[in-house]
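Trainee:
Following this line, the structure appears as structure tokens:
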């Protein structure tokens, strides 16, 4: 065990966050994770219960290793209560790979939290205390072939992933994380036509014998939201290529080559995904990406698009080059963002035409939004659009070029057995 650092006198941040332990409860199909926060002499205990209604083979060693990963990562939600200087894993030993990943996960994953906190926090000094673990080899896991588990959110991205997988497997198994007894209509409805914590997905995969956890994180999820002192802060860190690569390393070290973990949309831009989704008219009546559809407080939750949030604006804009205006007006129940001139400031921010910071939302890259605007304004059904015309005037003349945006870009971790056709040419 590393020697214990002296307590700090920081009046804002806590002293120590402790990993107490976890236990599997096969009889109830639950994983119980326990943590404790010691902030200035006032201890506070936290318990996270994760249920797996589908059950599975709880006796397999891979399940315990996957549960351990859930235990390691779930802590971040409770750590935010005080952003303690010391993260103490107690008796839980970790490898050097896990230590490096956890440090990045806490520091980079909470980058937005630290940036927006008043006063602003610097988490780079966090210290991780844990016994050293040396592994001889991964435990190994032999799943069913071509049995992907796909975290499903009911929005454009996860729907496109389902359809990309459909020619390869009879039906990908959809996986949803929600509070006990709470169902989100925005998820339930699209799933009848056919983010989930990654570690929970891997544990569900080991329980159910699935050979892969297939995420739906696109290329632009790796693009930062804001720069601070030369460092990028990414609202979507847990969807980024950096997280994906690091988490894959943890799985391979502890469990083995399977279950595989990758994003099926990693090599694609939001424009590519939007064009693909435009071909899937059967989902137009049920898909939803509006954040108001997923509020924890049911009183604040909507069963329709709000039509005014940053996410609604982005989805409308990115689909507008490929989907008829009349169809999108129906999607938004007559409240299409591009028809609401009061939302022009939100669109200007998406295109980086204002000094405001890019929205702290899962929205596309600035260049993608600008190109989408140039394409959409040329559509006959968008002629005379006050918002598009205003945006185009501010951008100035330029070609509506999609060069490089409708082809695969960047690297990815998609195995050949699940690769879309355009990645195999």
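Numbering (the numbering used here), first residue to last: 1230 to 1654. By construction, the Cβ of each residue, glycine as well, lies at the ideal position given by its N, Cα and C atoms.
Please report how far the alpha carbon of residue 1382 lies from the alpha carbon of residue 1618, in whole angstroms.
Mentor: The straight-line gap from Cα to Cα measures roughly 33 Å.
Trainee: Within a Cβ cutoff of 7 Å, which residues of the same chain sit near residue 1551, ignoring the five residues on either side of it in sequence?
Mentor: So the qualifying residues of the chain are 1503, 1504, 1507.
Trainee: Residue 1444 and residue 1491: beta carbons closer than 8 Å?
Mentor: Yes, the pair counts as a contact, with Cβ atoms nearer than the cut-off.
Trainee: On a Cα-Cα basis, can you pick out the residue from 1333, 1595, 1298 that is closest to residue 1321?
Mentor: Nearest of 1333, 1595, 1298 to residue 1321, Cα basis: 1298.
Trainee: If you run the structure through DSSP and keep just helix, strand and coil, what is residue 1262?
Mentor: It is a strand residue.
Trainee: I need the straight-line Cα distance from residue 1547 to residue 1622, nearest angstrom please.
Mentor: Distance between the alpha carbons of residue 1547 and residue 1622: 19 Å.
Trainee: Using C-beta distances below 7 Å, list every residue in its chain close to residue 1715, excluding the 5 sequence neighbours before and after it, in chain order.
Mentor: The displayed coordinates of the chain run from 1230 to 1654. Any statement about residue 1715 would go beyond what the structure contains.
Trainee: My output table needs one value for residue 1278: the three-state DSSP class, helix, strand or coil.
Mentor: It is a strand residue.
Trainee: Which residue wins for smallest C-alpha separation from residue 1279, given the options 1292, 1317, 1261?
Mentor: The candidate whose alpha carbon is nearest that of residue 1279 is 1261.
Trainee: Residue 1441 lies in the beta strand (DSSP E); which residues open and close that run?
Mentor: From DSSP, the beta strand (DSSP E) with residue 1441 extends over 1441 to 1444.
Trainee: Would you mind listing the beta strand (DSSP E) stretches within the segment 1544 to 1576 that are 3+ residues and don't spill past its ends, in chain order?
Mentor: Entirely contained in the segment 1544 to 1576, not one beta strand (DSSP E) run reaches 3 residues.
Trainee: Strictly by DSSP, which residues pair up with residue 1461?
Mentor: Its beta-bridge partners are 1456.
Trainee: Buried or exposed, going by whether 16 or more other CB atoms sit within 10 Å of the CB of residue 1600?
Mentor: So residue 1600 counts as buried.
Trainee: Do residue 1545 and residue 1557 come within 8 Å of each other at the CB atom, strictly closer than that value?
Mentor: Going by C-beta atoms, residue 1557 is nearer than 8 Å to residue 1545.
Trainee: Does the Cβ-Cβ distance between residue 1373 and residue 1313 come in under 8 Å?
Mentor: The answer is no: Cβ separation not under 8 Å.
Trainee: Quick one, which of 1276, 1306, 1303, 1258 has its alpha-carbon nearest residue 1283's?
Mentor: Answer by Cα proximity: 1258.
Trainee: How is residue 1249 classed by DSSP in three states: helix, strand or coil?
Mentor: Three-state result, residue 1249: strand.
Trainee: Tell me the rounded alpha-carbon separation between residue 1586 and residue 1389.
Mentor: If I take the Cα positions, the gap works out to 29 Å.
Trainee: Is the separation between the beta-carbon of residue 1582 and that of residue 1620 shorter than 8 Å?
Mentor: Cβ distance < 8 Å, so residue 1582 and residue 1620 count as in contact.
Trainee: In angstroms, rounded to a whole number, what distance separates the CA positions of residue 1640 and residue 1496?
Mentor: Near 6 Å, if we compare the C-alpha coordinates of residue 1496 and residue 1640.
Trainee: Specify the secondary structure class of residue 1484 as computed by DSSP and reduced to three states.
Mentor: Residue state, collapsed to three classes: coil.
Trainee: Determine the closest residue to residue 1520 out of 1570, 1589, 1609, with distance taken between C-alpha atoms.
Mentor: It is 1589 whose Cα lies nearest to the Cα of residue 1520.
Trainee: Let me check one thing: in DSSP terms, what residues is residue 1402 bridge-paired to?
Mentor: Residue 1402 is bridged to 1378.
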